[in-house]
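Working notes, structure below.
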Amino acid sequence: MRWMMLAGLLCLGVGCVHEPNRITGRITPKHFEFTTIVQPRREDPYGWRAVCINARITHGDSGATDACKFEVGLPIYNQQQHEVPLDVAQFVAADVANRAGYKVLSEAHPGEMMAVLCRQFKVLYQELLKEEVSGARVGDCATRGVKVVHFGPPDGGVP
Amino acid sequence: MSAFTREELIRLARSFYPTGYPIETDDDSEPVLAYQRTPEYARWEAAWEAAMNWKECDTLIQEVMAAFPSHHVGRFSQPRMASCVYSIVSEEKPDLSGGQRVTRVVGALSVLAPVYLVYVMKELRDASGRSSRPRLSFTPSGEEKLSAHTLARLIERHLGYRPFPLEWADVPLPEVRVGYLHTKPATLLTALFSDDLENLP
């Protein structure tokens, strides 16, 4: 499974119009194999868990692939939900990633650099995710010991 | 007053972040991004490593707990997704609407420099658990003023930190690459603390 983007370029006699790209594929809760980075304890009641996702996005038209790597971090407890159980964290992280990914990729212009799209994705993903789980962050993969999970073919080949 | 001059803080912040490396040049197919292979990044990483095992901060949190026995007190860290940890003193009171008024007095402690910020966040949580957008204030009034003062004194006593001068918050750090800033500009505030002080659990 991977995100696949089919360019929405509609060309008529007078020129080309950019329609929303068609996006297929879904990242699933199982991809979010979180590692506990801050174990909840008396001084750290909120805790922290994180995962690094190495997503490959395939351009359906050419078959070329691009990478977008991101780290997702969530508190284990917050005042909104009290405990954020692992399965809830995984479901929310996946659901919001798909929403953000679809929006950014469907509106991408032809030839847009993946680094720019990846940044737009991280910004939107974080904005949407913290509405669901206050305290959540999305950033570059940076935390040692966090599991790196591949979403899509790791080498651009067949998954 | 801060123990640092403005120029000293700029120099200090720059020692943790490389110059150049715009996001547009990132290549996520590499195992580690180019800016993460710099000596500045290695210093930032080492600062976080130390912050994850910060005994003096444990003592601070215990002292804050003792000073606010009827409040919910704890530290919150977003490791490597900001440059500070938070000491949070939280209190909930019933609201006439049936929800809860949540007041948090927060001490943001930079992991890069011995400077801190104290601010107050207020929000209303309805009966379903949904919260209003928090209102953040760096100039607490009423009963929060005393709590903020107490928290600030404890931070200074146990960590030796000094207040971060808010008038320097927007001092720009041009072309400095701060990993967790996706679109917001690097400034003394965003580089030494965070770009989202309201985003607390």
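Same order as they appear, the protein sequences are chains A and B.
Residues 563 to 721 (the working numbering) make up the first sequence, in order.
Residues -5 to 195 (the working numbering) make up the second sequence, in order.
Quick reminder that beta carbons are idealized off the backbone N, C-alpha and C, glycines included.
| message | Can you find the residues in the same chain that come closer than 8 Å, C-beta to C-beta, to isoleucine 589 of chain A, ignoring five residues on each side of it along the sequence? | response | Met563, Trp565, Ile615, Ala617, Ala656, Ala659, Asn660, Gly663 and Phe713.
| 6 Å CB neighbourhood of lysine 87 of chain B in its chain, flanking five on each side removed | Non-local C-beta neighbours of lysine 87 of chain B in its own chain, meaning closer than 6 Å and more than five positions away in sequence, comprise Arg95, ordered along the chain.
| message | Can you tell me whether asparagine 193 of chain B is helix, strand or coil according to DSSP? | response | Correct three-state label for asparagine 193 of chain B: coil.
| task | Quick one: grab the DSSP three-state call for tyrosine 608 of chain A. | result | In the three-state scheme derived from DSSP, where H, G and I count as helix and E and B as strand, tyrosine 608 of chain A is classed as coil.
| field | cysteine 680 of chain A, enclosing alpha helix (DSSP H) - first and last residue | value | Boundaries of the alpha helix (DSSP H) around cysteine 680 of chain A: 676 to 694.
| task | Consult DSSP for serine 668 of chain A and reduce its assignment to one of helix, strand or coil. | result | Correct three-state label for serine 668 of chain A: helix.
| request: Tell me whether glutamine 682 of chain A is buried or exposed, calling it buried when 16 or more other Cβ atoms sit within 10 Å of its Cβ. | output: So glutamine 682 of chain A counts as buried.
| field | Close beta carbons around serine 77 of chain B, own chain, < 7 Å, minus the five adjacent residues each side | value | In chain order, Ser104, Val105, Leu106, Ala185, Leu186, Phe187 and Ser188 place their CB closer than 7 Å to the CB of serine 77 of chain B, counting only its own chain and leaving out the 5 sequence neighbours on each side.
| Nearest to glutamate 169 of chain B (by Cα), restricted to the options B:Leu175, B:Pro159, B:His176 and B:Ala180 | It is B:Ala180 whose Cα lies nearest to the Cα of glutamate 169 of chain B.
| Going by C-alpha distance, which of B:Leu182, B:Leu191, B:His176 and B:Asp190 is nearest threonine 15 of chain B? | A small fix is needed here, since residue 15 of chain B is tyrosine in this sequence, not threonine. Checking every option, the nearest Cα to that of tyrosine 15 of chain B belongs to B:His176.
| message | I'd like the span of the alpha helix (DSSP H) that includes proline 33 of chain B, first residue to last. | response | Here the alpha helix (DSSP H) through proline 33 of chain B covers 33 to 45.
| query | Is there a Cβ from chain A that is less than 7 Å from the Cβ of histidine 176 of chain B? | reply | Output row for histidine 176 of chain B: interface = yes.
| request: Helix, strand or coil for proline 591 of chain A, going by three-state DSSP, please let me know. | output: Helix, per DSSP.
| Rounded separation between valine 666 of chain A and glutamine 688 of chain A - CA only | Taking the straight line from one Cα to the other gives about 13 Å.
| field | Exposed unless 16 or more other CB atoms sit within 10 angstroms - verdict on glycine 136 of chain B | value | Of the other Cβ atoms in all chains shown, fewer than 16 fall within 10 Å of the Cβ of glycine 136 of chain B; this residue is therefore exposed.
| field | Interface flag, aspartate 52 of chain B vs chain A, CB-CB below 7 Å | value | It does: the Cβ of aspartate 52 of chain B has a partner Cβ on chain A nearer than 7 Å.
| Taking Cβ-Cβ distances shorter than 7 Å, what residues in chain A pair up with valine 75 of chain B? | Contrary to the premise, residue 75 of chain B reads as methionine rather than valine in this sequence. Listed along chain A, the residues sitting closer than 7 Å to methionine 75 of chain B by beta-carbon distance are Gly635, Arg699 and Gly701.
| query | Three-state secondary structure (DSSP) at alanine 61 of chain B? | reply | DSSP places alanine 61 of chain B within a helical segment (H, G or I) once states are collapsed to three.
| CB phenylalanine 10 of chain B to CB arginine 37 of chain B, shorter than 7 Å? | Their beta carbons are under 7 Å apart, which means phenylalanine 10 of chain B touches arginine 37 of chain B by this criterion.
| message | Could you compute how far the alpha carbon of cysteine 703 of chain A sits from the alpha carbon of glutamate 18 of chain B? | response | When rounded, the distance between both Cα atoms is 16 Å.
| message | Rounding to the nearest angstrom, what Cα-Cα distance links proline 12 of chain B and arginine 699 of chain A in this structure? | response | C-alpha separation (whole angstroms): 22 Å.
| request: Evaluate contact between the stretch 43 to 61 of chain B and the stretch 146 to 153 of chain B, counting only Cβ atoms and requiring at least three cross-stretch pairs below 8 Å. | output: Yes, they touch.
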